[in-house]
Structures are given as C-alpha cells and as structure tokens.
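Asks: The sequence shown lines up with residues 1 to 86 when you count with the working numbering. Input: one structure, supplied below.
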Amino acid sequence: MQSVLFVNNKNMVVQNVASVNSKFFHMALLQCSGAKISGVKISAPESSPNTDGIHIERSNGVSIADTTIAPGDDCISIGQGHDTIA
C-alpha cells in the first residue's frame, strides 16, 4: 500500500507536495519515465516500520531534487529494473 502511486507516467512533474505518516510507501513510481520530483516533504516517526519515502521500480530518467525525506525506513528505495536515476 502507498499513499500515492504513479503508474506508466511519462514526463510527469511532482512538486510542492507533503506526505505525513503513510502506512507504507509515501510515494511510489512504477514504470514511469522522465519523472521530476521537487519540493516534496515526507515525514513519519522514526519508529514506524516500512514507511519508505519514495519507492522507484521499473522506471527510468527519474530526478529527485530539493526534497526533505524523513520516514521511518528508507528515504528512497529502488526496486527491480531501474535506469538513470539522479
């Protein structure tokens, strides 16, 4: 489960979004290309398990900049089949 899931998006822009206390991934990208993420603020208590900030899987050309990510688990997690993540 994730708070926000993007699937098969091309050249998308996500900016100036906040996510607090997600139950699992705060944001997940699946099969996306050319995604630009900036100005995002993600937070969850340090004691909360499995609350990855941004999960990226089977995506390419993903750019993450000017973000604040403080989840209970991984800030950015990368699954299988990725390419060119900056």
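Ideal Cβ placement from N, Cα and C applies to all residues, glycine included.
Between the Cα of V20 and the Cα atoms of T68, A44, N60, which residue gives the shortest distance?
Replies: The residue labelled residue 20 in the question sits at position 20 within the sequence shown. Checking every option, the nearest Cα to that of V20 belongs to A44.
Asks: What is the rounded straight-line gap between the Cα of H26 and the Cα of V4?
Replies: In the sequence shown, counting from the first residue as 1, residue 26 sits at position 26. In the sequence shown, counting from the first residue as 1, residue 4 sits at position 4. Each residue's alpha carbon lies about 6 Å from the other.
Asks: By Cβ distance below 6 Å, which residues in the same chain neighbour F6 in space, the five residues on each side in sequence not counted?
Replies: Here residue 6 is taken as the residue at index 6 of the sequence shown, counted from 1. Contacts found: L29, C32.
Asks: Within the continuous beta strand (DSSP E) that includes Q31, where are the two ends?
Replies: The residue you call residue 31 lines up with position 31 of the sequence shown. Taken as a continuous stretch (DSSP letters only), Q31 belongs to no beta strand (DSSP E), as it is neither H nor E.
Asks: Quick one: what's got a C-beta closer than 7 Å to V13's C-beta in the same chain, skipping five residues either side?
Replies: Translated into the one-based positions of the sequence shown, residue 13 becomes position 13. Closer than 7 Å at Cβ, skipping near neighbours: K36.
Asks: In this structure, does DSSP put Q80 in helix, strand or coil?
Replies: Locating residue 80 in the sequence shown gives position 80, counting from the first residue. DSSP places Q80 in coil when its eight states are reduced to three.
Asks: Select from K41, S47, A65, G61 the residue whose C-alpha is nearest the C-alpha of N8.
Replies: Within the sequence shown, the letter at position 8 stands for residue 8. That would be G61, whose Cα lies nearest to the Cα of N8.
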